[in-house]
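Novice: Sending over a structure as C-alpha cells; questions will come in a sec.
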Amino acid sequence: MYALYSLALLLALVAAAPYYLWKGRSSGKYVRTLRERLGALPPALATGQPSIWIHAVSVGEALVARGLVASLKARFPSHRVVVSTTTPTGQAVAARSLEADGVFYNPIDLPGAVRRVLAGLRPALLVLVETEIWPNLIHEAHRHGAKIAVVNGRLSPRSFPRYRRLRRWLAPVLGEVDVFLMQGDAHAERARAIGAPPQRVRVTGNLKYDAPLGRADPRAMAAVLGGSGGSPAPLWVAGSTMAGEEEAVLDALAHARREAAPLELLLAPRHPERAAQVAALAEARGHRVVRRSTLGSARWSDRDVLLLDTMGELAQAYAFATVVFVGGSLVAAGGHNVLEPAAAGRPVIVGPHMENFQEIADEFRAAGALVQVRRAEELGPALARLLADEKERERLATSAREILERNRGALAATVDALAELLS
62 MYALYSLALL
72 LALVAAAPYY
82 LWKGRSSGKY
92 VRTLRERLGA
102 LPPALATGQP
112 SIWIHAVSVG
122 EALVARGLVA
132 SLKARFPSHR
142 VVVSTTTPTG
152 QAVAARSLEA
162 DGVFYNPIDL
172 PGAVRRVLAG
182 LRPALLVLVE
192 TEIWPNLIHE
202 AHRHGAKIAV
212 VNGRLSPRSF
222 PRYRRLRRWL
232 APVLGEVDVF
242 LMQGDAHAER
252 ARAIGAPPQR
262 VRVTGNLKYD
272 APLGRADPRA
282 MAAVLGGSGG
292 SPAPLWVAGS
302 TMAGEEEAVL
312 DALAHARREA
322 APLELLLAPR
332 HPERAAQVAA
342 LAEARGHRVV
352 RRSTLGSARW
362 SDRDVLLLDT
372 MGELAQAYAF
382 ATVVFVGGSL
392 VAAGGHNVLE
402 PAAAGRPVIV
412 GPHMENFQEI
422 ADEFRAAGAL
432 VQVRRAEELG
442 PALARLLADE
452 KERERLATSA
462 REILERNRGA
472 LAATVDALAE
482 LLS
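Sequential numbering of the sequence shown, starting at 62, is according to the working numbering.
Here it is as C-alpha cells:
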C-alpha cells in the first residue's frame, strides 16, 4: 500500500512540477525551498538531539501551535521543540510568532525525504495539528519509534465523505497514531468512522480558544491608526479576505457610508501576495489605498482604505475596530477564525461558509454572539445596522467573551495527554 501511494505521489509531483515552476518563476519560492522539502534540514536542526516535532501546515495551524510550543518547552526542557509548515505564509508566521527551537519546511511525503528528516531530528513525539494525515510521515515516524499524536483534530462535514471513502486504506495508517485529541464529539465520531482506533480517540477541546494573540507590538498599530484616541470615524476591519470577497467588502463599505456617514476600512487579504491585486480593485472604484508596509511607524492620514499587506498584525488591528468582518466565509473557503476579534471585544460579522469552524460558529450563533449573513448583498445592511447600534455591538462582544471564558482549558488537557505518551 505504501509503495503504491509513494509511486502515485511521485508521479503527481512530476506532473505538477511545470505548473509550480511557472507559478513561482518570479519569486523562486518553490525552487528555493526544494532542498528542504526533499529532507535536507537546516544544519542547526540536523543534530540528532531528541526533539518534539510539531507539524502545522499553514497560518491557522501555526497560530494554534503558539501556546502548544510554549507549554511543551516548559514541560519537557530536555527536548527541542521544532515546527514544520507546508506553506510559505505558515513558515513566516511560525518563524516570527513561535518560540520554537527551529522552523523548517515539512518534507514531501516520500519515504526518503521523511527518513532524512527523522534521522536529523530523532523525534520522541510527532504532533500533527488538525488532522494532517500523511501516510509516509506517520508510517516512518512509527518505524523510528516516535509516538504520534493528532491534536486539535477536526474532520469537517465537507471533507468527511472523502475520508470515509478511503477508510480501507486509511485504517492501517491511522492505526499507527497513538492518540487522536479531537476538538469535539462530532469530530471524534468522524475520526472513528474513517478508521481511527476507537480507544485512542479523545475529546480535549479546541486549542483556538486558548491561543494567545499575536506577538507583534500593538504600539506600532496604535501609531498607524492614530494612537489611543484613534480616529473620530468608525473603523471597519475586514480580515482574512479571499479572492471574490473584496468586491463585496467594497460594496458594503459604500452602502454603510450612505447609511452611517463616515467609515474607514482596514482590509487584510488572507494571502499578502494578493495585495497588488486587491489594491488595484479598490483604486479602480475610486478609493485612496495606502499599504501598511509603506507607513512604517507613520500615521495613516488618508483614512479611506488601509491595506494590511504585512504578516502578524491583524490581531492587533482588531483591537481598534468598531466592527469586524471575518473572511473566507462569503466564498466557499470554509471560513476563518472568529476568536481573535472576539477576544479583542469586537462584534463580528461572517458569511454563510463557516464549515472549518462549524462548532465555534454554531455556538456563537446560538448565543447571539455574532452576525451571520446569508449572501454578499446582506453584508452592507448588516454593517450599517451595527454601526448605528452601539448597545447591540456591546451585547455581541459581551456574549462572545463569555463563550471564550467558558471554553478555555483545551491547552492544558492536550499537553497532559501528550505527556502521557512521553512518560
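Ideal Cβ placement from N, Cα and C applies to all residues, glycine included.
Predicted model only: the values in this text are computed from it and were never measured.
#1: Give the secondary structure of MET243 by DSSP, where H, G and I count as helix, E and B as strand, and everything else as coil.
#2: GLN433 and ARG426: beta carbons closer than 8 Å?
#3: Could you check if ARG280 is buried or exposed, using at least 16 other CB atoms within 10 Å of its CB as the buried criterion?
#4: Count the other CB atoms within 10 Å of the CB of ARG360; is the residue buried (16 or more) or exposed (fewer)?
#5: Just to check my reading of the structure: HIS203 and ILE209 have Cβ atoms closer than 8 Å, yes? What is that Cβ distance to the nearest angstrom?
#6: PRO258 by DSSP, collapsed to three states: which one?
#7: At which residues does the beta strand (DSSP E) containing TYR146 begin and terminate?
#8: Measuring straight from C-alpha to C-alpha, what distance separates VAL92 and LEU82?
#9: Looking only at DSSP bridge pairs, what is ALA299 linked to?
#10: Go through the segment 392-448 residue by residue and report every complete run of the alpha helix (DSSP H) that reaches 4 residues or more, in order.
#11: Which residues in the same chain have their Cβ closer than 6 Å to the Cβ of PRO295, if we skip the five residues on either side of it in sequence?
#12: Here's the rule: buried if 16 or more other CB atoms are within 10 angstroms of the residue's CB, otherwise exposed. What is ASP271?
#13: Taking the alpha helix (DSSP H) that SER132 falls in, what are its first and last residues?
#14: Which of the three DSSP states, helix, strand or coil, is assigned to ILE199?
#15: Where does PRO233 fall in DSSP's three states?
#16: Could you tell me the distance, in whole angstroms, from the CA atom of HIS332 to the CA atom of ALA76?
#17: Label ASP477 either buried or exposed according to how many other C-beta atoms from any shown protein chain fall within 10 Å of its C-beta, with 16 as the threshold for buried.
#18: Compare the Cα-Cα distances from ALA254 to each of VAL212, SER217, ILE410 and ALA321 and report the closest residue.
#19: Using 10 angstroms around the beta-carbon of ALA341, count the other beta-carbons present and answer buried if the total reaches 16, otherwise exposed.
#20: Can you tell me where the beta strand (DSSP E) with VAL211 in it begins and where it stops?
#21: Please work out which residues of its chain come closer than 7 Å, Cβ to Cβ, to ARG127, disregarding the five sequence neighbours upstream and downstream, and give them in chain order.
#22: Quick one: using the 10 Å Cβ neighbour count with 16 as the cut-off for buried, is SER289 buried or exposed?
#23: For the segment 177-189 against the segment 217-235, are there 3 or more C-beta pairs whose distance is under 8 Å?
#24: Looking at C-beta atoms only, is the number of pairs between the segment 150-157 and the segment 357-375 that lie closer than 8 Å three or more?
#25: Say whether chain D places a C-beta atom closer than 8 Å to the C-beta of VAL130.
#26: What distance in whole Å lies between the Cβ atoms of ILE410 and LEU440, which are believed to be in contact at a cut-off of 8 Å?
Specialist: Based on what the coordinates show:
#1: Within the sequence shown, residue 243 is the residue found at index 182, counting from 1. Under the three-state reduction of DSSP output, MET243 falls in the strand class.
#2: Walking along the sequence shown from the start, residue 433 turns up at place 372. Walking along the sequence shown from the start, residue 426 turns up at place 365. In contact: GLN433 and ARG426 (Cβ atoms closer than 8 Å).
#3: The residue you call residue 280 lines up with position 219 of the sequence shown. Residue burial is scored here from C-beta neighbours: ARG280 has fewer than 16 other C-beta atoms within 10 angstroms and is therefore classed as exposed.
#4: The sequence position of residue 360 within the sequence shown is 299, counting from 1. Classification for ARG360: exposed.
#5: Residue numbering aside, residue 203 sits at position 142 when the sequence shown is read from its first letter. Residue numbering aside, residue 209 sits at position 148 when the sequence shown is read from its first letter. Right, their Cβ atoms sit about 6 Å apart.
#6: Along the sequence shown, one-based indexing puts residue 258 at 197. Residue state, collapsed to three classes: coil.
#7: Reading the sequence shown from its first residue, position 85 is the one you call residue 146. One detail in the question is off: residue 146 reads as Thr in this sequence, not Tyr. Per DSSP, THR146 belongs to the beta strand (DSSP E) from 141-146.
#8: Here residue 92 is taken as the residue at index 31 of the sequence shown, counted from 1. Here residue 82 is taken as the residue at index 21 of the sequence shown, counted from 1. Taken atom to atom, the span from the alpha-carbon of VAL92 to that of LEU82 is near 7 Å.
#9: As a working note, residue 299 is residue 238 in the sequence shown. The partner list for ALA299 (beta bridge, DSSP) reads LEU328 and PHE386.
#10: Segments of the alpha helix (DSSP H) lying fully in the segment 392-448: 400-404 and 419-427.
#11: As a working note, residue 295 is residue 234 in the sequence shown. The beta carbon of PRO295 sits closer than 6 Å to the beta carbons of LEU324, THR383 and LEU448 from its chain, once the five residues preceding and following it are set aside; these are given in chain order.
#12: On the sequence shown, residue 271 is found 210 positions in, with the first residue counted as 1. Buried is the label assigned to ASP271, since at least 16 other Cβ atoms lie within 10 Å of its Cβ.
#13: Residue mapping note: residue 132 aligns to position 71 of the sequence shown, counting from 1. It spans 120-136 - the alpha helix (DSSP H) in which SER132 sits, taken as one unbroken run.
#14: Your numbering for residue 199 matches position 138 in the sequence shown. The answer is helix: DSSP assigns ILE199 an H, G or I state.
#15: Position 172 of the sequence shown holds residue 233. DSSP places PRO233 in helix when its eight states are reduced to three.
#16: For the purposes of this step, residue 332 is identified with residue 271 of the sequence shown, where counting begins at 1. For the purposes of this step, residue 76 is identified with residue 15 of the sequence shown, where counting begins at 1. Distance between the alpha carbons of HIS332 and ALA76 is about 26 Å.
#17: Walking along the sequence shown from the start, residue 477 turns up at place 416. The residue is exposed, with fewer than 16 neighbouring Cβ atoms inside 10 Å.
#18: Here residue 254 refers to the residue found at position 193 of the sequence shown. Considering only alpha carbons, the answer is SER217.
#19: In the sequence shown, the residue the question calls residue 341 occupies position 280. It is exposed - the Cβ of ALA341 has fewer than 16 other Cβ atoms within 10 Å.
#20: In the sequence shown, the residue the question calls residue 211 occupies position 150. 208-214 is the span of the beta strand (DSSP E), which, as asked, contains VAL211.
#21: Counting from 1 along the sequence shown, the entry for residue 127 is found at position 66. Taken in chain order, the residues that qualify are SER158, LEU159, ALA272 and PRO273.
#22: Numbered from its first residue, the sequence shown carries residue 289 at position 228. With a pLDDT of only 45 at SER289, under the threshold of 50, the placement of this residue in the model should not be trusted; the figure read from the coordinates follows. Under this definition SER289 is an exposed residue.
#23: As far as the Cβ criterion goes, the segment 177-189 does not touch the segment 217-235, which means the pair count is below three.
#24: Yes, they touch.
#25: Among the chains in the structure shown there is no chain D, since it carries only a single protein chain.
#26: If you number the sequence shown from 1, residue 440 lands on position 379. If you number the sequence shown from 1, residue 410 lands on position 349. Right, their Cβ atoms sit about 7 Å apart.
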